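Enquirer: Heads up, the sequence shown is in the working numbering, so the first residue is 98 and it goes up one at a time.
Every residue, glycine too, gets a C-beta built ideally from N, C-alpha and C.
Owing to the predicted nature of the structure, the values given are computational and were not obtained by experimental measurement.
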Amino acid sequence: MKKTLGPWSLTALGIGAIIGSGIFVLTGTAAAGEYFQAPSILHAQVLDLLLNYLRHGGSAGVLMHGRPPAGPAIAISFLLVAIACSFAGLCYAELASMIPIAGSAYTYSYATLGEIFAWIIGWDLILEYAVSNVAVAVGFSGYAKAQLAAFGLGLPDRWASPVWASGQWTGAYFNVPGFLIVFILSLLLVRGVRESAEANNVMVAIKIGAILTFLVVGGMLVNP
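1) Let me make sure I understand the geometry here. Which of 205, 260, 239, 259 has the alpha-carbon closest to that of residue 251?
2) Sort 237, 149, 255 by Cα distance to residue 278 and report the nearest one.
3) Is residue 235 near residue 275, with beta carbons less than 9 angstroms apart?
4) Do residue 292 and residue 285 count as a contact pair if the criterion is CB distance below 9 angstroms?
5) Considering only residues of the same chain and omitting the five flanking positions on each side of residue 215, which have a CB-CB separation below 6 angstroms?
6) Rounded to a whole number of angstroms, what is the C-alpha to C-alpha distance between residue 116 and residue 127?
7) Determine the burial state of residue 194: buried for a count of at least 16 other Cβ atoms within 10 Å of its Cβ, exposed for fewer.
8) Have a look at residue 304 and residue 218 and give me their C-alpha separation to the nearest angstrom.
9) Three or more C-beta pairs under 8 angstroms: does that hold for the region 108-115 against the region 294-312?
10) Among 100, 280, 318, 313, which one has its Cα closest to the Cα of residue 198?
11) Could you compute how far the alpha carbon of residue 266 sits from the alpha carbon of residue 182?
12) From residue 257 to residue 122, what distance separates their C-alpha atoms?
13) Give the secondary structure of residue 244 by DSSP, where H, G and I count as helix, E and B as strand, and everything else as coil.
14) Please work out which residues of its chain come closer than 8 angstroms, Cβ to Cβ, to residue 118, disregarding the five sequence neighbours upstream and downstream, and give them in chain order.
15) So residue 270 is in the alpha helix (DSSP H); what residue range does that whole segment cover?
16) Between the C-alpha atoms of residue 166 and residue 132, what's the straight-line distance to the nearest angstrom?
17) So which of 176, 188, 130 has the shortest CA-CA distance to residue 168?
18) What is the rounded straight-line gap between the Cα of residue 102 and the Cα of residue 149?
19) Does the distance from the CB of residue 308 to the CB of residue 120 come in under 9 angstroms?
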């Protein structure tokens, strides 16, 4: 495989894959806590259902979900999660050094477990990427609609909302902002690896700049 990316682009590619939208939208709820009641058992998480059933000893309150607040200890939470994630990263690093062939988990499974398991894992990866991309596109659409509304540019819900949400039809026809962001990124990927890496470098710089700005400004406003 022809080498087209340098160390900076590869590092930025890894950072871009690690730093997603979760750090911007879930950090607040992780620190303050979040509790909600699922509309039905079909919308509830299995682990939460079991824990609530064991905690309450019956069906009462079994649909209540959420997580307790981490408070200032959220910094420790990030550290613990980083340690846990590093184990998966070390596994991938070891496999990549032992099997230096393109293909990621599919190739590693093919070399160690056989073709049938590699076939299953390959399709699992395709499904994972498809579902996660849909979720990110829908989230982008929601943020884009909110930002445009702040400037007085409202988008109709029927053309800027997911067709299916929370287990029911929303009445929307088509999610135009979500489709546009997927279409633009697809065109960028088709153009080539180098162009995609350059665009990723810009987006990673923006994300890191936003996080550093938050840390610096937030640190200046800390009242011990």
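Expert: So, from the listed chains and residues:
1) To locate residue 251, count along the sequence shown from 1; it is residue 154. Closest by C-alpha distance to residue 251, out of 205, 260, 239, 259, is 239.
2) For this step, residue 278 is matched to residue 181 along the sequence shown. Checked all of 237, 149, 255; the closest Cα to residue 278 is 237.
3) In the sequence shown, the residue the question calls residue 235 occupies position 138. In the sequence shown, the residue the question calls residue 275 occupies position 178. Closer than 9 angstroms, so yes.
4) By 1-based counting over the sequence shown, the position of residue 285 is 188. By 1-based counting over the sequence shown, the position of residue 292 is 195. Result yes, Cβ atoms of residue 285 and residue 292 sit closer than 9 angstroms.
5) Taking the first residue of the sequence shown as position 1, residue 215 is located at position 118. 203, 206, 207.
6) Position 19 of the sequence shown holds residue 116. Position 30 of the sequence shown holds residue 127. When rounded, the distance between both Cα atoms is 16 angstroms.
7) Taking the sequence shown and counting its residues from 1, the one referred to as residue 194 is at position 97. With fewer than 16 other Cβ atoms within 10 Å, it is exposed.
8) Working through the sequence shown from its first residue, we reach residue 304 at position 207. Working through the sequence shown from its first residue, we reach residue 218 at position 121. Whole-angstrom Cα-Cα distance: 31 angstroms.
9) Per the Cβ contact rule, the region 108-115 is in contact with the region 294-312 (3 or more Cβ pairs under 8 angstroms).
10) Stepping through the sequence shown from its first residue, residue 198 is reached at position 101. It is 100 whose Cα lies nearest to the Cα of residue 198.
11) Translated into the one-based positions of the sequence shown, residue 266 becomes position 169. Translated into the one-based positions of the sequence shown, residue 182 becomes position 85. Near 36 angstroms, if we compare the C-alpha coordinates of residue 182 and residue 266.
12) Numbered from its first residue, the sequence shown carries residue 257 at position 160. Numbered from its first residue, the sequence shown carries residue 122 at position 25. Computed Cα separation, rounded: 20 angstroms.
13) Walking along the sequence shown from the start, residue 244 turns up at place 147. Residue state, collapsed to three classes: helix.
14) Position 21 of the sequence shown, counting from 1, holds the residue named residue 118. Closer than 8 angstroms at Cβ, skipping near neighbours: 233, 236.
15) The residue you call residue 270 lines up with position 173 of the sequence shown. Premise fails: residue 270 is in no alpha helix (DSSP H) and is neither H nor E.
16) Along the sequence shown, read from residue 1 onward, the residue named residue 166 stands at position 69. Along the sequence shown, read from residue 1 onward, the residue named residue 132 stands at position 35. For residue 166 and residue 132, the distance between alpha carbons rounds to 10 angstroms.
17) Against the sequence shown, residue 168 aligns to sequence position 71. That would be 130, whose Cα lies nearest to the Cα of residue 168.
18) Working through the sequence shown from its first residue, we reach residue 102 at position 5. Working through the sequence shown from its first residue, we reach residue 149 at position 52. When only Cα atoms are considered, residue 102 and residue 149 end up about 49 angstroms apart.
19) Translated into positions along the sequence shown, residue 308 becomes position 211. Translated into positions along the sequence shown, residue 120 becomes position 23. Annotated as proximal: residue 308 and residue 120, with beta-carbon spacing under 9 angstroms.
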